Each structure stands twice: as C-alpha cells, then as structure tokens.
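Student: In our numbering, the protein residues as written are 98 to 576. Have a look at this one.
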Amino acid sequence: MIALPPPKAEILARRPAILADLARLLPADAVIGEPIRLRPYETDGLSAYRQMPLAVVLPRTTEEVAAVLRYCHANGIRVVPRGAGTSLSGGALPLADAVVIGLMRMNRILEVNLADRYAVVEAGVTNIGITKAVEAEGFFYAPDPSSQLACMIGGNVMMNSGGAHCLKYGVTANNLLGLTFVTIEGEVLRIGGTHLDAAGYDWLGLITGSEGQLGIVTEVTVRLLRAPEGARAMLAAFDSVEVAGRAVDAIIGSGIIPVALEFMDKPCIHACEAFAHAGYPLDAEAMLIIEVEGSLAEQDMQLGMIRDICARFAPISMKVAETAEESLAIWKGRKGAFGAVGRISPDYLCMDGTIPTGELPGVLKRIGEMSARYGLPVANVFHAGDGNLHPLIMFDANDPESFRKAEAFGAEILTLCVEVGGCLTGEHGVGVEKRDLMGVQFTARELELQRAIKSAFDPGWLLNTAKVFPLADEARRAA
98 MIALPPPKAE ILARRPAILA DLARLLPADA VIGEPIRLRP YETDGLSAYR
148 QMPLAVVLPR TTEEVAAVLR YCHANGIRVV PRGAGTSLSG GALPLADAVV
198 IGLMRMNRIL EVNLADRYAV VEAGVTNIGI TKAVEAEGFF YAPDPSSQLA
248 CMIGGNVMMN SGGAHCLKYG VTANNLLGLT FVTIEGEVLR IGGTHLDAAG
298 YDWLGLITGS EGQLGIVTEV TVRLLRAPEG ARAMLAAFDS VEVAGRAVDA
348 IIGSGIIPVA LEFMDKPCIH ACEAFAHAGY PLDAEAMLII EVEGSLAEQD
398 MQLGMIRDIC ARFAPISMKV AETAEESLAI WKGRKGAFGA VGRISPDYLC
448 MDGTIPTGEL PGVLKRIGEM SARYGLPVAN VFHAGDGNLH PLIMFDANDP
498 ESFRKAEAFG AEILTLCVEV GGCLTGEHGV GVEKRDLMGV QFTARELELQ
548 RAIKSAFDPG WLLNTAKVFP LADEARRAA
C-alpha cells in the first residue's frame, strides 16, 4: 500500500489560526475549512487513495496564489497544487497538514493572437476550452488527453500530458511558448514568451512535467495550429494482440506518421461497444484505430498505404470511414474507454508505461501472462503509435487482497516497461503511484541530482511533498 508521511503535529494544532490567516489573505468565499466542503478534494483520479487536507484555497489571480505561497513558506506549511483533479497518478492527493491550492477559478482566456498563432490562458482553462475559443477561426490546440473536457491546462503542463494526437503533434511540452510561474517564496516569474525558443537555459522544459514540485503555474502561453483540411479514421481488427502489435510496428517503421494510432484489446472493445455503440468488431482480439488528415487526396493516399500494411497481418476486418460522422463514431468508443471499463469493474488501476514500439508484441503477451497469474482481468487501451501503454487492471478496492494484487501487478508491468528500454510514465506523471518505483528507472546518483534541483526551487520541501521521489529517501532527507 502506498504510504503518506505523518502530519506535522504543530501544523494541525494551529489549524484554526491558519484558516483565519488565509481568510485575511483571500476573499471570504475562497477559503474552505469545513469537513463536508473539504470532502471533494480528498482524492483525485487515482481514487483508491484518500486524505482530507488541512484547508483548500481557491484563488482567482496570480497575486493571490503568490500571497498564499508566501504565507505557507513563512510558516512551514505544505502545499498541494490542484487543477481539475483528473490526475491518474495521485498527483493532487492531499496531505493532512497541507493547504490545497485549487486553480479552477483561474479560468480566463487572456489573449488570442491568430496572426502569431498563440493564446495566453489562465491555468484553470480546460484543455478543450482553448480549442473551443479558436475553432470558429480555423485553429486548434493540439494536445488532447482523454479527459480534455475536464482537465485543465495548468495540470497538463505539470504532467506534460499527451493524448491520442500526440503522435503527430507532440505532447504539452511541444506546444508551449511561455508560463507565469510562482515560486514557494511567492516570487512571480515570467518564463518564455509569445515567440519560439526563448534565450538562455530551457526553464520552460524544466518546469513542464515537474508535477508541482518546483512551483505553481498560473498562466500558460500555448501554440495554436491551423486546423487541417479534413481527417478520416479507419479500423483494423486482428485475431491476436501480438499480431496487432506487429502491425503497429510495421506502420511506424514504414515512415508514415498518422495523426493517431490507438490500440484496444477484446475486453476493452466489448466494454466500449456496450457503452458507445460505435460498431466495433466484437469477434476481434485486438483493434487499431488509425487517423490521417490533410486534403482528400492525401487522406486517400495515406489510408491506402496503411490498408496495404495491415493486410500483411491477415486482419479479420478493416473499415475506413467515408464521412466525418463515421470518423466521430469510431472515436466515440475510444474517447469513452476509461468510463466504459468503469461500468464493468468496481475499480481499476490505469498504468502509464511507455515502450519502444518494436517491443509491443512481446510486452502485450507478458501482460496477458501476468493477468492469468494474478487472477485479475486487464483491458488494454493505449496510444500505440508512441508506445504509451494504458493497461487497465480491474479489481475490487473493497477487497484488500484484490487491491494488493492490483498494485503488485501494476508495478510488474511498469518494471517490464523499463526492462525493455521504456520508462515508467508517458503522460500521467509519477505522483504517488510510481513514486517508489523511481529506483527501477533511475540510479541513486540520478535521483540525487533530481532532488538537488527540487531543493534549489523548494529548500524546505513544502511543494507537493510525498510525490515523485521515493518516500524512504524523503524521510532520510528530513531526518
């Protein structure tokens, strides 16, 4: 079971005074201290773990965030940043002696410049909200996590989120130009700008994906792209997951870069079809969703080449969408996959390891063997084009033994990802979920260097404590 550090008794004892101080810093409706109102903040998307926070504050401006951080720094109070709470790695899991800084009220789009193709937005703007603001003019924001209807751009930056279309357009880091960033001391920094490649050290690259360990992002400048002429999707169904994995490797190896290349196995196909009625082939053991874009001639050319590649692997069926409506139907099931699996299992853990695409067939076979050994079903749905796996391990959180086996199963999958040349996380972050596996990925010296960077930004280790770094190492540092 994942552990959290014990709360600081002196902070808990000062809770009434801390709430009063926060109420003087912020408007009255921006401070939450009542247990019933704290309850929604006790967990995030990794809902198997829960902890009530000391308090929650909901600032509306960068200046208010800075004021809270200055206060917490001066008083030795831990801080947990939070966006929409969609983190699947426990990245926003509170601590009993921590103040949660929720950024959901910082939801304004501050500037849109279509001539220079950028937008400046506050951290609480939803991912899809950026595209909605510019799509009428023929533009869009590329990264599209499955939770894009709810997840917020500040959280996307902290976890370096991707999505189905990151195969062509890259993850969050590839679509950022600048940030407004507040340090634990309350200093406001402007990093990058509205242009490509700011001079000096790559501070933007360091902060993106830092999981709230270094400071809090309050504003984001994102790159806008022209919407393509059109896009079409196709399905290719196979009689085994290993064969589907070989087809993925062949498509990528051919030099074709689809906009998206997604994988679903039989349990996921059945769950999604029951949920979305998208017309998925229920006799398939595995299915690929492949999308291309461009002019109609470009779409036809790419889809023809991909059909020829898939045909080499004896697909049991292939279907190419002929209209935008048919493409939307194909995507409907994939976009709702996590919710669909939630209908057939009381709980599941969503893994996030990344592997070289050439290793897909062998790794998928090994995951199937692990599933049989642990006695827990698994549904595979993932971004196959960049090897970002999302096995959904189904279990019952009310059964401690089932939960224990699910955690062990997940750790074994992630360890396997590293062993074959991949990494622990592709887009969900380390959080608490993968924290104690960091030694599998990194040497002691590499972890020491990472902790030194953390200490340079946050000497008292007040920001998002008990995340990313192994808890035993953190306890030794505090001793």
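For glycine and all other residues, C-beta sits at the position ideal for the given N, C-alpha and C. Here the structure is a predicted model, which means the values were calculated and not measured.
(1) Would you say ALA368 touches the ligand MN, meaning its beta carbon is less than 8 Å from a heavy atom?
(2) Between ILE464 and GLY519, is the Cβ-Cβ spacing less than 9 Å?
(3) To the nearest angstrom, how far is it from the Cα of ASP380 to the Cα of THR280?
(4) Check whether the stretch 355-367 and the stretch 422-436 touch, using three or more Cβ-Cβ pairs below 8 Å as the test.
(5) What's the call for HIS91, buried or exposed, on a 16-neighbour Cβ count within 10 Å?
(6) What's the C-alpha gap between ALA330 and PRO104?
(7) Closest to CYS447 by C-alpha separation, out of LEU489, GLY482, ILE427, LEU425, would be which residue?
(8) Would you mind reading off the limits of the alpha helix (DSSP H) that contains SER442?
(9) In the DSSP assignment, what residue or residues form a beta bridge with ALA592?
(10) With C-beta atoms as the reference, is SER468 less than 9 Å away from VAL478?
(11) In whole angstroms, what is the alpha-carbon distance linking THR437 and ASP444?
(12) Should the stretch 231-250 be called in touch with the stretch 490-502, which here means at least 3 C-beta pairs below 8 Å?
(13) Indicate the three-state DSSP secondary structure (helix, strand or coil) for LEU311 in the structure shown.
(14) On the premise that CYS514 lies in contact with GLY459, defined as a C-beta separation below 8 Å, what is that separation, rounded to the nearest angstrom?
(15) Roughly how many angstroms lie between the CA atoms of GLU326 and GLU516, to the nearest whole one?
(16) Mapping DSSP to helix, strand and coil, what is HIS480?
(17) How many Å lie between TYR146 and GLU509 at the Cα?
(18) Keeping to the same chain, check which residues put their C-beta closer than 6 Å to that of LEU286; ignore five residues upstream and five downstream.
(19) DSSP state of LYS105, grouped into three classes?
(20) Looking at the structure shown, is TYR266 part of a helix, part of a strand, or coil, going by DSSP?
(21) Decide if the stretch 337-356 is in contact with the stretch 254-267; the criterion is three or more beta carbon pairs, one per stretch, under 8 Å apart.
(22) With the cut-off set at 9 Å, would you say THR140 and GLY180 are in Cβ contact?
(23) Quick check on this structure: which residue in GLY252, VAL153, THR223 has the alpha carbon closest to the alpha carbon of ILE129?
Tutor: From the atom records:
(1) In the structure on display, the ligand MN does not appear, and there are no ligands present to speak of.
(2) no
(3) In this structure, the alpha-carbon of ASP380 lies about 54 Å from that of THR280.
(4) yes
(5) Lying before the first or after the last residue shown, residue 91 is absent from the chain, which here runs from 98 to 576.
(6) 51 Å
(7) Ranking LEU489, GLY482, ILE427, LEU425 by Cα distance to CYS447 puts LEU489 first.
(8) Counting along the chain, SER442 falls outside any alpha helix (DSSP H), and DSSP gives it neither H nor E.
(9) Missing from the structure shown is residue 592; the chain here goes from 98 to 576 and no further.
(10) no
(11) Here residue 437 turns out to be Ala, not Thr, going by the sequence shown. Each residue's alpha carbon lies about 12 Å from the other.
(12) no
(13) Residue state, collapsed to three classes: coil.
(14) Going by Cβ atoms, the distance from GLY459 to CYS514 rounds to 12 Å, so no, they are not a contact pair.
(15) Between GLU326 and GLU516, the C-alpha separation is close to 41 Å.
(16) strand
(17) 20 Å
(18) Here LEU286 has PHE278 as same chain residues with Cβ atoms under 6 Å from its own Cβ, once five neighbours each way along the sequence are excluded.
(19) coil
(20) helix
(21) When C-beta atoms of the stretch 337-356 are compared with those of the stretch 254-267, three or more pairs fall below 8 Å, so the two segments count as touching.
(22) Going by C-beta atoms, THR140 is not nearer than 9 Å to GLY180.
(23) VAL153
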